[in-house]
Amino acid sequence: MSAAAFDTQVLIDALRGEPRAGAELQRYRQRFISRLSWIEVLSRAQPDDAQRAEQFLSHFSVVEVSDEIARSAAQLRGQRPGLSLENAVILASAQTAGRILITRNTKDFPAAMPGIRVPYTL
Numbered sequence: 001m002s003a004a005a006f007d008t009q010v011l012i013d014a015l016r017g018e019p020r021a022g023a024e025l026q027r028y029r030q031r032f033i034s035r036l037s038w039i040e041v042l043s044r045a046q047p048d049d050a051q052r053a054e055q056f057l058s059h060f061s062v063v064e065v066s067d068e069i070a071r072s073a074a075q076l077r078g079q080r081p082g083l084s085l086e087n088a089v090i091l092a093s094a095q096t097a098g099r100i101l102i103t104r105n106t107k108d109f110p111a112a113m114p115g116i117r118v119p120y121t122l
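Each residue of the sequence shown is one higher than the one before, starting from 1 at the first, in the numbering used here.
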């Protein structure tokens, strides 16, 4: 497969050595993440692991929050009031580019939702 967007949980799993996350990353030549996922990963990294986390993230194309993504995220939150702002932006970042979102967060991104791929659960 060629391109996909990745949710924060899959990124953190890969950093922690989860083999299924690593295998999923390897399926795609072009890997994208929302700027919010980038922030979430770095904010959760331990101080002595921040450099490794940032180096890991450098292998992804980071999608900045454009006006189009912001509008789409606002619409998603209006349709699904329980959806967090962060997850709305992450989903909107994938949807506006026509990419699938790779996640294991089935609470916010049900596997049956179009454009969502849940390759594993923990």
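Don't be surprised by glycine CBs; every beta carbon is placed ideally from N, CA and C.
Neighbour-count burial assignment, residue i, 16 or more Cβ in a 10 Å radius
i, result
"Ser-34", "buried"
"Ser-66", "exposed"
"Leu-26", "In the sequence under discussion, the amino acid at residue 26 is Gln, which differs from the Leu named in the question. So Gln-26 counts as exposed."
"Ile-39", "exposed"
"Ser-61", "exposed"
"Arg-16", "exposed"
"Arg-29", "exposed"
"Asp-108", "buried"
"Leu-85", "exposed"
"Asp-13", "buried"
"Arg-117", "buried"
"Thr-8", "buried"
Other residues of its chain near residue i: CB distance less than 8 Å, five sequence neighbours each side excluded
i, result
"Leu-42", "Ala-50, Ala-53, Glu-54, Leu-57"
"Thr-106", "Val-118, Thr-121"
Among the options, the one whose alpha carbon lies nearest that of residue i
i, options, result
"Asn-87", "Ser-37, His-59, Glu-18", "Ser-37"
"Gly-115", "Ala-73, Asp-48, Thr-103, Leu-122", "Thr-103"
"Thr-121", "Glu-24, Ala-5, Gly-82, Ala-4", "Glu-24"
"Ala-45", "Ala-4, Pro-81, Thr-106, Leu-11", "Leu-11"
"Arg-77", "Arg-20, Arg-99, Ala-92", "Ala-92"
"Ala-3", "Leu-101, Leu-83, Pro-81, Glu-64", "Leu-101"
Other residues of its chain near residue i: CB distance less than 7 Å, five sequence neighbours each side excluded
i, result
"Thr-96", "Glu-68, Ile-69, Ser-72"
Three-state class that DSSP yields for residue i in the structure shown
i, result
"Gln-46", "coil"
"Ser-34", "strand"
"Ser-93", "helix"
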